[in-house]
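A.B. asks: Before I ask anything, here is the structure I am working with.
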Amino acid sequence: MDAFTPAQTMELISRVGAKKSKMRFDKLCLNSFLAGPLLGFGCAITLSTNAAPWYQDNAPGLIRTIAASFFPIGLILVILTGADLFTSNVMFLPVAFLHRRVTLFDIGKSMFVSFFGNLAGMLFFMAIIVGYGGVFEHGAYKAESITFAIGKAVTPHWHQIFLKAIGANWLVCLAVFMAISSREIGSKILAIWWPITTFVALGMDHVIANMFLIPMGIWNGAPITVGYYIWKSMIPAFLGNTLGAALFVGTAYWYLYLTSSDNIPVEFNLDGVNTAIDEMGGPMDRRLTKCPSCNETMNGDSQGKALNGTEPLDLPDPSGRIKSAIGRELKAYSMEKRNGEVTRV
354 MDAFTPAQTM
364 ELISRVGAKK
374 SKMRFDKLCL
384 NSFLAGPLLG
394 FGCAITLSTN
404 AAPWYQDNAP
414 GLIRTIAASF
424 FPIGLILVIL
434 TGADLFTSNV
444 MFLPVAFLHR
454 RVTLFDIGKS
464 MFVSFFGNLA
474 GMLFFMAIIV
484 GYGGVFEHGA
494 YKAESITFAI
504 GKAVTPHWHQ
514 IFLKAIGANW
524 LVCLAVFMAI
534 SSREIGSKIL
544 AIWWPITTFV
554 ALGMDHVIAN
564 MFLIPMGIWN
574 GAPITVGYYI
584 WKSMIPAFLG
594 NTLGAALFVG
604 TAYWYLYLTS
614 SDNIPVEFNL
624 DGVNTAIDEM
634 GGPMDRRLTK
644 CPSCNETMNG
654 DSQGKALNGT
664 EPLDLPDPSG
674 RIKSAIGREL
684 KAYSMEKRNG
694 EVTRV
C-alpha cells in the first residue's frame, strides 16, 4: 500500500504541529489570512449551487448533496498550499503537545492567530470579492444567502450547533488525517473529498465556513445582528469544532498509535517524509531550512546547532525510531541521561 500507516501519519501530524508552532509570526499571520479566502471559494460555490428554488422545494436533500460535493474545493486549496486553518490546527497542535514538542503558549499563540487570521481573510473575501463584486446580489442567489444564514444561526438551538460542530470537525480532521497519509496529490484530493462532502451534506457547522455563510446573509439583509451571530453561531461552533478535532481525532489516535503498552517502534524508511511535513506545515523559518552548500540538516549542523546559532526546532530525524510507549520512552531517556548518552532525536 503506497501510503503511510496510521502510526506514521500520527507522527507526521505531530511534526506538522511542531513546525506550525515555530512559524515566524509575520508568516503565521499571512498564512492564516490566506486560508480564509481559500476556504471561502468552496463556501461561495456551495451557496451558489444551493440557489435552485425548484430543487429546494421538491428535492432539498438532493440539491444539498450536490452543493456539498463542491465544498471540498476550499479545503483542497488550504491543504495543498499549506495554509493555516484554525479547524485543522486544533488537531495538529494538541497532538504535538501530547508528544511534548510544543508548549501551551505555542498552542495558544498559534490558535489565536489562526482563528482571527482566518476571520480577517474570510471577511475580506466575503465583503470585497463577493459582496462588492455582486456575486449574490440579485434574485435566487440573494434569497438563498439570506435563507442559508437564517438556517445556520437562527433556526437551530445553541446545543444543536455545538453538537453538529463536533461532527463537522471530526470529519474535517479525518479528511486531513487521510490526506497526510496519502503520498501523491490525486490520493490526497480523493481522501479530502468524501469526508468533507459528508459533513456539508449533513448540514453540520464549521466555524470558519460560517464566517462566510452567515456574514454573507447579513450583508444581503438577513435579520441577524453581529452580536447574535457571535453568541448563537460562532461560540458553539468554535467549541464544538475544537472538541471534535482535539478529542475525537487528535487525542484518540495519539492514544491508539503512539502510547501502546508494547514497545513498538515506528520507523520511516520511505521517501517523501520531509515533503509530507512541508506540504502541511506551511512556510519554514529560515533558520530551520537546509543549507544548500553544506551538509547541515533541517534542524541544524551535526553538533545540533541551528544554522544561525539559535536553538533549532525539535523535530526527530525522519529515518530514526520513535518509541510509542511513553513510559518506556521516559525511562530510556532517564537511563541515557544518567550514562551521558543523550542525543537529540
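The sequence shown begins at 354 in our numbering and counts up by one.
Backbone N, C-alpha and C define an ideal beta-carbon position, used for all residues, glycine too.
Bear in mind the structure is a predicted one, so any value in this text is a computation, not a measurement.
(1) Would you mind listing the alpha helix (DSSP H) stretches within the stretch 355 to 441 that are 4+ residues and don't spill past its ends, in chain order?
(2) Within its chain, find whatever has a CB closer than 7 Å to the CB of Phe394; leave out the 5 residues flanking it on each side and keep chain order.
(3) Could you spell out the range, first to last residue, of the alpha helix (DSSP H) harbouring Phe515?
(4) Is the beta carbon of Met464 sitting closer than 9 Å to the one on Asn442?
(5) Let me know the secondary structure DSSP gives Glu537 once reduced to three states.
(6) Just the C-alpha distance for Pro699 and Leu383, rounded to the nearest angstrom, thanks.
(7) Relative to the C-alpha of Ile533, which candidate in Ala544, Leu524 and Trp523 has its C-alpha closest?
(8) Relative to the C-alpha of Gly414, which candidate in Ile571, Leu555, Phe591 and Lys585 has its C-alpha closest?
(9) Decide yes or no for the touch test of the stretch 518 to 526 against the stretch 587 to 606: beta carbon pairs closer than 8 Å, at least 3 of them.
(10) Where Glu334 and Arg536 are concerned, what is the direct C-alpha to C-alpha distance, given to the nearest angstrom?
(11) Give the straight-line distance between the Cα atoms of Trp572 and Glu364, rounded to the nearest whole angstrom.
(12) My parser needs the alpha helix (DSSP H) runs of 4 or more residues fully inside the stretch 443 to 486; what are they?
(13) Any idea if Trp342 is buried or exposed, counting beta-carbon neighbours within 10 angstroms, 16 or more meaning buried?
(14) Between which two residues does the alpha helix (DSSP H) holding Val560 run?
(15) What's the gap between the Cα of Leu566 and the Cα of Ile499?
(16) Please report the residue range of the alpha helix (DSSP H) in which Asn594 lies.
C.D. replies: The short version:
(1) 359 to 374, 378 to 403, 406 to 411, 413 to 421 and 425 to 434
(2) Ile426, Gly427 and Leu430
(3) Trp511 to Ser534
(4) yes
(5) coil
(6) Coverage of the chain is limited to positions 354 through 698, which leaves residue 699 absent and any answer about it impossible.
(7) Ala544
(8) Leu555
(9) yes
(10) With the chain covering only 354 through 698, there is no way to say anything about residue 334.
(11) Pairing Trp572 with Glu364, the inter-Cα distance amounts to about 43 Å.
(12) 457 to 477
(13) Lying outside 354 to 698, the shown extent of the chain, residue 342 is not represented and no answer is given.
(14) Val560 to Trp572
(15) 9 Å
(16) Ile588 to Ala598
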